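Since the structure comes first, as structure tokens, the remarks are kept for the end.
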Amino acid sequence: MAKMKPKVINSLQDNCADFTKLKEATERYWLKAGYTKCWGVQVQEGSKWKKGLTDAELDAFEAAMGITFPDVLRGFYKTMNGLDRPGVDFKGDVKAEPGLKPAFYSYPDDLPSINQQIDRICEDNNITRQDMLAGKVPFIIPVYGHRCLVFDGTGRMLSMVGRDIIIYADNIARAIAKDVFEYVSNEVIPANLQPVPFWLENPDGY
Numbered sequence: 389m390a391k392m393k394p395k396v397i398n399s400l401q402d403n404c405a406d407f408t409k410l411k412e413a414t415e416r417y418w419l420k421a422g423y424t425k426c427w428g429v430q431v432q433e434g435s436k437w438k439k440g441l442t443d444a445e446l447d448a449f450e451a452a453m454g455i456t457f458p459d460v461l462r463g464f465y466k467t468m469n470g471l472d473r474p475g476v477d478f479k480g481d482v483k484a485e486p487g488l489k490p491a492f493y494s495y496p497d498d499l500p501s502i503n504q505q506i507d508r509i510c511e512d513n514n515i516t517r518q519d520m521l522a523g524k525v526p527f528i529i530p531v532y533g534h535r536c537l538v539f540d541g542t543g544r545m546l547s548m549v550g551r552d553i554i555i556y557a558d559n560i561a562r563a564i565a566k567d568v569f570e571y572v573s574n575e576v577i578p579a580n581l582q583p584v585p586f587w588l589e590n591p592d593g594y
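Here the sequence shown is numbered in the working numbering, starting from 389 and rising by one per residue.
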């Protein structure tokens, strides 16, 4: 159950090679990761990433969302497209019968969940999806849970719960690695000090 080392996590970029590295490392970790006594979705032991999407499937995904994806998001979904089994939520009691929810969103299976999450965030922040599609507000798309990629050209991932919004990581790969391997860093990342239009005007840089 070897975790990815902090040095490796900090070096991850959103490219095919690093997405593949992350895919392989997480699958090895999930073989015997076990479960923790907490609330929220956890990955089932033995889970594997599903095969990545083709260009045609990605085009259909974009059409369903009504927007062109950044290259980093297309690259992610080309490498991996959700997991082969649902996540489990024990609601704080690992002896209880867990609820089943997507751990990572997959197209087309989890399209309804993706849309529900976007609509919920829009409602909580008093905007509409049309505001995002019209370019008034940067579009966001949940990749897993409440971790969302913001379409502002930076590749940053936001953690979005109601109006509680923070910059979670400076790219998709590092966000996933932070959550899977429970990595906490106190390093201030200069790029993350830059505001996110509308969503976050005063980020703290972590």
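C-beta: ideal position from N, C-alpha, C; glycine also. Fair warning: this is a prediction, and the values are worked out from it, not measured in the lab.
For residue i, the residue or residues it bridges with in DSSP
i: L419; result: Beta-bridge pairing links L419 to no other residue.
i: S600; result: Residue 600 lies beyond the range of the chain shown here (389 to 594); nothing can be said about it.
i: K479; result: According to DSSP, K479 bridges with nothing at all.
i: I528; result: V538
i: L581; result: Bridge partners of L581: none, in fact.
i: G487; result: D477
Residue i to residue j span [Cα, whole Å]
i: R517; j: G440; result: 27 Å
i: T408; j: C536; result: 20 Å
i: E433; j: G470; result: 15 Å
i: E445; j: K466; result: 9 Å
i: D507; j: K524; result: 16 Å
Exposure of residue i, with buried meaning 16 or more beta-carbon neighbours within 10 Å
i: N559; result: buried
i: L461; result: buried
i: Q504; result: exposed
i: D552; result: exposed
i: V549; result: exposed
i: G533; result: buried
i: A557; result: buried
i: G475; result: buried
i: A561; result: buried
Distance CB(residue i)-CB(residue j) smaller than 9 Å
i: M520; j: I455; result: yes
i: F492; j: M453; result: no
i: Y571; j: K438; result: no
i: V429; j: V568; result: no
Closest residue to residue i among the options (Cα-Cα distance)
i: L419; options: I529, C404 and K436; result: K436
i: S547; options: D540, L588, I515 and S573; result: L588
i: P583; options: I554, E450 and A563; result: I554
i: F449; options: A563, F478, P500 and D512; result: P500
i: F586; options: A563, V538, A565 and K479; result: V538
Residue i: CB within 8 Å of a non-hydrogen atom of the ligand ZN
i: R416; result: The ligand ZN is absent from the structure shown, which contains no ligands of any kind.
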